[in-house]
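In this note's numbering, the protein residues as written are 12 to 448. Ideal Cβ placement from N, Cα and C applies to all residues, glycine included. What follows is a set of notes on a single structure, which appears directly below.
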Ligand code: SAH
Ligand code: SF4
Ligand code: F3S
């Protein structure tokens with residue numbers, strides 16, 4: 012068995028895990044193929060954040076059931092694997108490999124078992140002290156690299172499965188983070204996206220004990236690195252020092268993703284988020300006072316158990332007050348093992364949809380207004396690629412806004428370069444412009 016196919020669901024942490032899994036497989040002599048039909052080993056790196064995400068993998072497995080036993084081996088990786096464990100073998104008996112996200116460093120041994128024909132192979136330990144570091148990472152994007160600084164989560168948000176699927180927090184040493192950043196620059200990467208479920212609680216486990224802001228300062232000094240981003244920030248652990256670090260060094264991008272979840276302190280309390288609306292707004296004030304204009308993005312959940320009409324109003328008024336550059340909006344979804352299961356939850360799907368639409372419509376109007384402010388400005392962008400359908404180059408500003416632009420020189424290859432672009436049109440989700448040469 013030497014060919015594999017992998018499909019990834021979920022967040023950037025999962026996407027990066029897949030890059031490491033792919034690197035590990037390539038090193039072992041496997042060849043990656045584009046379709047599950049062509050592969051001998053079919054892997055799904057799964058997400059369990061909402062019920063729909065979890066169902067996706069079981070639908071995929073169902074579709075391919077008939078191929079089982081014909082030389083095809085199925086593996087379930089990631090958050091659903093960790094959550095469901097060996098129960099996956101009951102639900103989908105044609106699966107042979109179940110590996111949680113904290114156990115990928117055992118993948119080489121687990122593959123040997125699979126190659127030897129074992130039909131029930133698992134890696135489900137969560138008490139590993141190690142973070143998953145591998146020199147074999149096969150990165151998807153040639154210009155921007157993901158770099159994990161902290162794994163797991165020590166928070167206990169009452170709706171969230173992540174503490175169960177990814178285990179307790181483990182920070183990497185600052186030395187190993189800096190060393191990887193330097194290797195990435197040497198390999199030609201211009202931008203690094205630091206990853207963690209809660210990057211703000213990063214704490215260097217070596218005697219230096221750097222906190223997150225100090226780690227950012229160090230990364231900003233890495234020669235040749237042009238952009239550093241990070242996600243996700245948790246409001247409770249977000250410090251003013253982070254804004255000061257960004258102010259002091261333009262390599263640190265002026266974009267903060269700070270999920271609020273709700274504008275109502277009552278709902279936030281039930282969510283066990285450990286901050287109030289006012290505390291959240293104080294952090295926003297730091298950002299609004301930053302030297303460079305910060306883009307601020309967020310996540311919002313509607314329909315949490317007990318959310319009243321007044322609570323929803325509070326979320327809408329928070330949107331007005333903050334003026335987010337973008338928001339991911341979700342309907343509350345009941346998740347296994349989570350404390351929120353104990354709360355009474357009577358809201359209909361239609362009502363959740365109504366609330367979701369209200370938040371999204373408000374957000375669309377805000378984004379149209381904010382993005383229009385960029386008309387006529389010249390932005391420095393990192394070019395990601397070319398869209399044949401529109402004939403435009405796709406790029407990102409330092410604030411992580413998508414800027415699609417026309418460039419008059421034919422046949423130029425701009426991917427992976429920095430350009431100056433004048434913004435000429437603004438939509439709710441992206442900007443359009445012309446290159447300035
Ligand atoms: N660690 C990050 C992101 C966690 S998952 C953080 O703390 O912000 C990404 C988003 O999914 C969350 O911010 C939340 O808005 C949403 N989410 C998590 N669990 C959910 C659930 N049970 N139902 C609906 N949305 C959920
Ligand atoms: Fe989930 Fe909360 Fe941890 Fe984010 S901080 S991963 S929402 S428990
Ligand atoms: Fe999903 Fe796991 Fe990420 S549940 S959002 S893949 S941490």
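Task: Among 44, 428, 350, nearest to residue 175 - alpha-carbon criterion - done: Here residue 175 refers to the residue found at position 164 of the chain shown. The shortest C-alpha separation from residue 175 is found at 350.
Practice problem: Between the Cα of residue 461 and those of 412, 212, 413, 403, spot the shortest distance and give me the residue it belongs to. | Solution: Since the first and last residues shown for the chain are 12 and 448, residue 461 lies out of range.
* **Span of the beta strand (DSSP E) around residue 342** => Looking up residue 342 in the chain shown gives position 331. Per DSSP, residue 342 is one residue of the beta strand (DSSP E) stretching across 337-342.
Q. Mind checking whether the beta-carbon of residue 322 lies closer than 7 Å to any heavy atom of ligand 1?
A. On the chain shown, position 311 is the one that residue 322 refers to. No, the Cβ of residue 322 stays beyond 7 Å of every heavy atom of ligand 1.
Q: Please classify residue 86: is it buried, with 16 or more other beta-carbons within 10 angstroms of its beta-carbon, or exposed?
A: Here residue 86 corresponds to residue number 75 of the chain shown, with the count starting at 1. Classified as buried, residue 86 has 16 or more neighbouring CB atoms from the shown chains inside 10 Å of its CB.
Query raised in the report: So, do the region 291-304 and the region 254-271 have three or more beta carbon pairs nearer to each other than 8 Å?
Result: The region 291-304, when compared against the region 254-271, does touch it at the 8 Å Cβ threshold.
Taking a contact to mean a Cβ-Cβ separation below 8 Å, would you say residue 414 touches residue 389 in this structure? Against the chain shown, residue 414 aligns to sequence position 403. Against the chain shown, residue 389 aligns to sequence position 378. Cβ distance not < 8 Å, so residue 414 and residue 389 don't count as in contact.
Self-check item: Pairwise C-alpha distance: residue 189 and residue 110
Solution: Translated into positions along the chain shown, residue 110 becomes position 99. Translated into positions along the chain shown, residue 189 becomes position 178. Rounded to whole angstroms, residue 110 to residue 189 spans 29 Å at the Cα level.
Open item on the list: Residues in the same chain with beta-carbon distance under 7 Å from residue 254, minus the five sequence neighbours each way, listed in chain order, please.
Closed with: Stepping through the chain shown from its first residue, residue 254 is reached at position 243. If you ignore the 5 residues before and after residue 254, its C-beta comes within less than 7 Å of the C-beta of 297, 298, 301, all in its own chain and listed in chain order.
Q. Measuring CB to CB, does residue 160 end up less than 8 Å from residue 136?
A. Translated into positions along the chain shown, residue 160 becomes position 149. Translated into positions along the chain shown, residue 136 becomes position 125. By the CB criterion at 8 Å, residue 160 and residue 136 fall outside the cutoff.
Item to complete: Scan the region 238-263 and note each continuous beta strand (DSSP E) run of 3 residues or more that stays entirely inside, going in chain order.
Response: Scanning the region 238-263 from its first residue to its last, the whole beta strand (DSSP E) runs of 3-plus residues come out as 238-242.
Let's test the definition: count the other Cβ atoms within 10 Å of the Cβ of residue 242 and tell me whether it reaches 16, buried, or not, exposed. By 1-based counting over the chain shown, the position of residue 242 is 231. Looking at its Cβ environment, which holds 16 or more other Cβ atoms inside 10 Å, residue 242 is buried.
Q | Rounded C-alpha distance that separates residue 317 from residue 353 | A | In the chain shown, the residue the question calls residue 317 occupies position 306. In the chain shown, the residue the question calls residue 353 occupies position 342. When rounded, the separation of the alpha-carbon atoms in residue 317 and residue 353 is 12 Å.
For residue 334, which of 369, 357, 378 has the nearest alpha-carbon? Working through the chain shown from its first residue, we reach residue 334 at position 323. Residue 378 is the option with its Cα nearest to residue 334.
Exercise for the section: Check whether the region 60-67 touches the region 341-350, counting contact only when three or more Cβ pairs, one atom from each stretch, lie closer than 8 Å. Expected result: These segments touch.
> DSSP beta-bridge partners for residue 416?
Replying inline: Locating residue 416 in the chain shown gives position 405, counting from the first residue. Per DSSP, 404, 444.
6 Å CB neighbourhood of residue 329 in its chain, flanking five on each side removed: The residue you call residue 329 lines up with position 318 of the chain shown. The residues 274, in chain order, have a CB closer than 6 Å to that of residue 329 in the same chain once the five nearest residues on each side in sequence are set aside.
| request: Give a single yes or no on whether residue 114 has its beta carbon closer than 7 Å to a heavy atom of ligand 3. | output: One-based indexing of the chain shown puts residue 114 at position 103. Residue 114 Cβ: outside cutoff for every heavy atom of ligand 3.
**Asked** When you compare each of 54, 116, 93 to residue 107 by their alpha carbons, which one comes out closest?
**Response** One-based indexing of the chain shown puts residue 107 at position 96. The residue with the shortest Cα to Cα distance from residue 107 is 54.
Note the first and the last residue of the continuous alpha helix (DSSP H) segment covering residue 296. Counted from its first residue, the chain shown places residue 296 at position 285. Start and end: 288-299.
Roughly how many whole angstroms lie between the Cα atoms of residue 308 and residue 365? Your numbering for residue 308 matches position 297 in the chain shown. Your numbering for residue 365 matches position 354 in the chain shown. Rounded to the nearest whole angstrom, the CA to CA distance from residue 308 to residue 365 is 22 Å.
Any contact of the region 435-443 with the region 202-219, i.e. 3+ C-beta pairs under 8 Å? Between the region 435-443 and the region 202-219, the count of C-beta pairs closer than 8 Å stays below three; the two stretches do not touch.
Between residue 7 and ligand 1, is there a pair consisting of the residue's CB and a ligand heavy atom that are separated by less than 7 Å? Examination of residue 7 is not possible in this model, given that the chain is present from 12 through 448 alone.
Residue 8 - containing beta strand (DSSP E), residue span:
Given a span of 12 to 448 for the chain in the structure shown, any question on residue 8 remains unanswerable.
Stretch pair the region 218-226 + the region 262-282: three plus CB contacts closer than 8 Å: Not touching, per the Cβ criterion.
Checklist entry - Exposed or buried, residue 416, counting other C-beta atoms within 10 Å across all chains shown (16 or more means buried)? => result Taking the chain shown and counting its residues from 1, one reaches residue 416 at position 405. Per the 10 Å Cβ criterion, buried.
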